[in-house]
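A.B. asks: Mapping of the sequence shown onto our numbering: residues 38 to 527, in sequence order.
By construction, the Cβ of each residue, glycine as well, lies at the ideal position given by its N, Cα and C atoms.
Can you read through this structure? Questions will come right after.
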Amino acid sequence: MAASSAFPEAALAAPSKARIAIVGAGIAGLNAALTLQDAGVASTVYEASNRIGGRMFSATSIWADNQVSEWCGELIDSDHETIIGLARRFGLPLDDFAGNPSLRDVYKLFGRYYTVEQAYEDWRGGVQQAIAKDLEAAGESTTYDKFTPEGRKLDQMSVAEWIESRVPGGRKSQIGALIDVAYAIEYGADTTDQSALNIIYLLGANKQTDADEGFHVFGASDERYHIRGGNQQLPVRIAKHLRNPVQLGMRMTSIARNDDGTYALAFDGHPSATADLVILSLPFAVLRKIDTSGAGFDALKNKAVQELGRGQSGKLQLQFSSRYWREPGPWPGRGNGLSYTDEGYQNTWEVSRRQFGASGILNNYTGGSTTAAKTTKAPFATAADANVQQDAKAFLGGLEEVFPGGTAKWNGRAASSLPALDPNFGAAYSYWRVGQYTSFAGYEKVRQGNIFFAGEHCSVDYQGYMEGGASEGARAAKEILDQLRGKPGP
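The structure is reproduced here in structure tokens:
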């Protein structure tokens, strides 16, 4: 269990007098501040928006039956120890979505339903061996300073090229099309733009030995938990626990190193601040628009900041009068709400699991160019927006091909989220494009002088997850604590 989410570390002998600034009040910045406070060290958190939580952002007043959804980060894996530990520390129960074998994933590709048993057999029929071979050749991890010759070659290949060269039938086969659409939505980018190592490391962790309730297309990622009542409760509770209140409405416009080694942080419409140590816990998609020319970043850090993939995932959540996909229908078995298809949309899952009421919410999740093609252009909007209505009707047209009956059962409520359009986020989350593992993966978190970095984009193991944000916040704080204690840096 991560130290920040279990018992606090032993406090320093005397509270540090260092002025520590943390930029960004998402889960990374807040857990960094919490980790420092647990050790007796104060910091000040600056947040550009007027809201706590960043991409942990819950919708609690939109839906019938008092149901809750997430505008952004939603699902928590079983091995997300930092997030799970923090939820326990702050008394937030988790809803457990452990699979119900009577409910199944539903796939429909090329006009035909594709059963989970067929997908599993096709996986076992050659794809699994191809993944295993490439995983062994690439090694357990690939970063800018550690890679094999084969790993470098695979990094120069796209996910789409990998599917075409490794999967029998390529993307024209049902298993190939399933994998293609799954990785487009998982990373928020077309598979032609993603490094093949994205699929090798994620799908390569698939250890399933039977068809189960579905094909584990994301390997060991089980998306098992959600904080009951909304994930945003966690960052809000952390912020309330901090002795120094978060400074809202503080949009940083530049950061520069002063002659004495301190840092000047300039804010739009507010006085500048001076800090001895800084944690930048805002997405690189945002940082690249801030003036860092005087901060002392080296060439590789600048490259990572400017070029790291900017995931364009989108959610369009609709509420229905019943969870009719759980009933028998023309689809195979009884659905759990999770679907993959090429029938006018890409993916759905049920948001309303473990929630009260007869109503059910389906999330239509999209990635890459499919997200960019939506009519809605607002970062966050509801059915009151005519463009959301138009996107909802387009989605329902596709849904009728997979789960017929949805149009009649839609209760008119909807929520659309396109976080890449929000200037405070700039991306749904990060991903590595072709060639970026060996270019700078792992360097995102490397400090520059007394500027430290945190966020999901800094995590090699949990990039794109709330866990990545929380764990990297703790890691950056511990680097500062080590410096204050006189320990040598990494």
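Measure the alpha-carbon distance for Glu-509 versus Gly-486 and round it to whole angstroms.
C.D. replies: C-alpha separation (whole angstroms): 18 Å.
A.B. asks: Helix, strand or coil: which one does DSSP assign to Ser-42?
C.D. replies: Annotation note: pLDDT 37 at Ser-42 (below 50); position unreliable, coordinate value reported separately. Here Ser-42 sits in helix by DSSP.
A.B. asks: Under the three-state reduction of DSSP, which class applies to Val-315: helix, strand or coil?
C.D. replies: Three-state result, Val-315: strand.
A.B. asks: Would you be able to state if there are at least three C-beta pairs under 8 Å between the stretch 336-347 and the stretch 432-446?
C.D. replies: Result no; under three Cβ-Cβ pairs closer than 8 Å.
A.B. asks: Using 9 Å as the threshold, is the C-beta distance between Ala-8 and Gln-349 below it?
C.D. replies: Any property of residue 8 remains undetermined from this structure, which presents the chain solely from 38 to 527.
A.B. asks: Three Cβ pairs or more, each shorter than 8 Å: is that satisfied between the stretch 393-402 and the stretch 347-366?
C.D. replies: At 8 Å Cβ cutoff, the stretches touch.
A.B. asks: Which value, in whole angstroms, describes the spacing of the CA atoms of Ala-167 and Arg-470?
C.D. replies: Cα-Cα distance, rounded: 21 Å.
A.B. asks: Within 10 angstroms of its Cβ, does Ser-202 collect 16 or more other Cβ (buried), or is it exposed?
C.D. replies: Result: exposed.
A.B. asks: Can you tell which of Ile-264, Asp-313 and Ser-359 has its C-alpha closest to the C-alpha of Met-93?
C.D. replies: Answer by Cα proximity: Ile-264.
A.B. asks: Compare the Cα-Cα distances from Phe-127 to each of Gly-163, Ser-106 and Asn-68 and report the closest residue.
C.D. replies: With distances taken between Cα atoms, Phe-127 lies closest to Asn-68.
A.B. asks: Write down the C-beta distance between Pro-359 and Gln-104 rounded to the nearest angstrom, noting that I regard them as a contact closer than 8 Å.
C.D. replies: It should be noted that the sequence gives Ser, not Pro, for residue 359. With 8 Å as the limit, Ser-359 and Gln-104 do not qualify as a contact, their Cβ atoms being about 13 Å apart.
A.B. asks: In its own chain, which residues sit with a C-beta less than 7 Å from the C-beta of Asp-328, not counting the 5 before and 5 after it?
C.D. replies: Result list for Asp-328: Thr-290 and Ser-291, in chain order.
A.B. asks: When you compare each of Glu-198, Tyr-151, Glu-173 and Phe-490 to Glu-187 by their alpha carbons, which one comes out closest?
C.D. replies: Measuring from the Cα of Glu-187, the nearest candidate turns out to be Glu-173.
A.B. asks: Where Lys-338 and Pro-320 are concerned, what is the direct C-alpha to C-alpha distance, given to the nearest angstrom?
C.D. replies: If you take the alpha carbons of Lys-338 and Pro-320, they lie about 14 Å apart.
A.B. asks: Can the beta-carbon of His-81 be found closer than 9 Å to that of Leu-518?
C.D. replies: Per the sequence presented here, residue 81 reads as Thr, with His not at that position. No, Cβ-Cβ distance for Thr-81 and Leu-518 is not below 9 Å.
A.B. asks: Closest to Tyr-468 by CA distance: which of Val-483, His-494 and Ala-451 is it?
C.D. replies: With distances taken between Cα atoms, Tyr-468 lies closest to His-494.
A.B. asks: Just verifying my parser: in three-state terms, what is the DSSP assignment at His-253?
C.D. replies: Here His-253 sits in coil by DSSP.
A.B. asks: In the DSSP assignment, the beta strand (DSSP E) including Asn-281 goes from what residue to what residue?
C.D. replies: Counting along the chain, Asn-281 falls outside any beta strand (DSSP E), and DSSP gives it neither H nor E.
A.B. asks: Along the chain, where does the beta strand (DSSP E) containing Ala-293 start, and where does it finish?
C.D. replies: Its beta strand (DSSP E) spans residues 289-294.
A.B. asks: Look at the Cβ atom of Ser-178, then the Cβ atom of Tyr-238, and state whether they are nearer than 9 Å.
C.D. replies: Taking 9 Å as the Cβ cut-off, Ser-178 and Tyr-238 qualify as a contacting pair.
A.B. asks: How big is the Cα-Cα spacing for Gly-267 and Asp-132?
C.D. replies: Using only the alpha carbons, I get a separation of about 10 Å.
A.B. asks: Going by C-alpha distance, which of Thr-378, Asn-243, Glu-380 and Gly-372 is nearest Glu-387?
C.D. replies: Of the listed residues, the one whose Cα sits closest to Glu-387 is Gly-372.
A.B. asks: Report yes if the CB atom of Glu-516 is closer than 9 Å to the CB atom of Glu-118, and no otherwise.
C.D. replies: The answer is no: Cβ separation not under 9 Å.
A.B. asks: Between Ala-135, Ile-57 and Ile-200, which lies nearest to Ser-258 when the distance is taken from Cα to Cα?
C.D. replies: The candidate whose alpha carbon is nearest that of Ser-258 is Ala-135.
A.B. asks: Can you give me the Cβ contacts of Val-439 inside the same chain, cut-off strictly under 7 Å, excluding the 5 residues immediately before and after it?
C.D. replies: Excluding residues within five positions, the ones whose Cβ falls inside 7 Å are Val-143, Lys-145, Trp-368, Ser-376, Thr-378 and Glu-380.
A.B. asks: Roughly how many angstroms separate the alpha carbons of Gly-66 and Gly-91, rounded to a whole number?
C.D. replies: Those two C-alpha atoms are separated by around 10 Å.
A.B. asks: In this structure, does DSSP put Asp-422 in helix, strand or coil?
C.D. replies: Coil.
A.B. asks: Pairing CB atoms from the stretch 416-426 with CB atoms from the stretch 303-319, are three or more of them under 8 Å?
C.D. replies: Result no; under three Cβ-Cβ pairs closer than 8 Å.
A.B. asks: Might you give, ordered along the chain, the residues of its own chain that have their beta carbon closer than 7 Å to the beta carbon of Ala-312, omitting 5 neighbours on each side?
C.D. replies: Excluding residues within five positions, the ones whose Cβ falls inside 7 Å are Arg-56, Ile-57, Ala-58, Thr-299, Tyr-300 and Leu-302.
A.B. asks: Pick helix, strand or coil for Val-382, following the three-state DSSP scheme.
C.D. replies: In the sequence under discussion, the amino acid at residue 382 is Tyr, which differs from the Val named in the question. Three-state result, Tyr-382: coil.
A.B. asks: Pick out whichever of Ala-76, Arg-450, Leu-436 and Phe-255 has its Cα sitting closest to the Cα of Tyr-499.
C.D. replies: Checked all of Ala-76, Arg-450, Leu-436 and Phe-255; the closest Cα to Tyr-499 is Phe-255.
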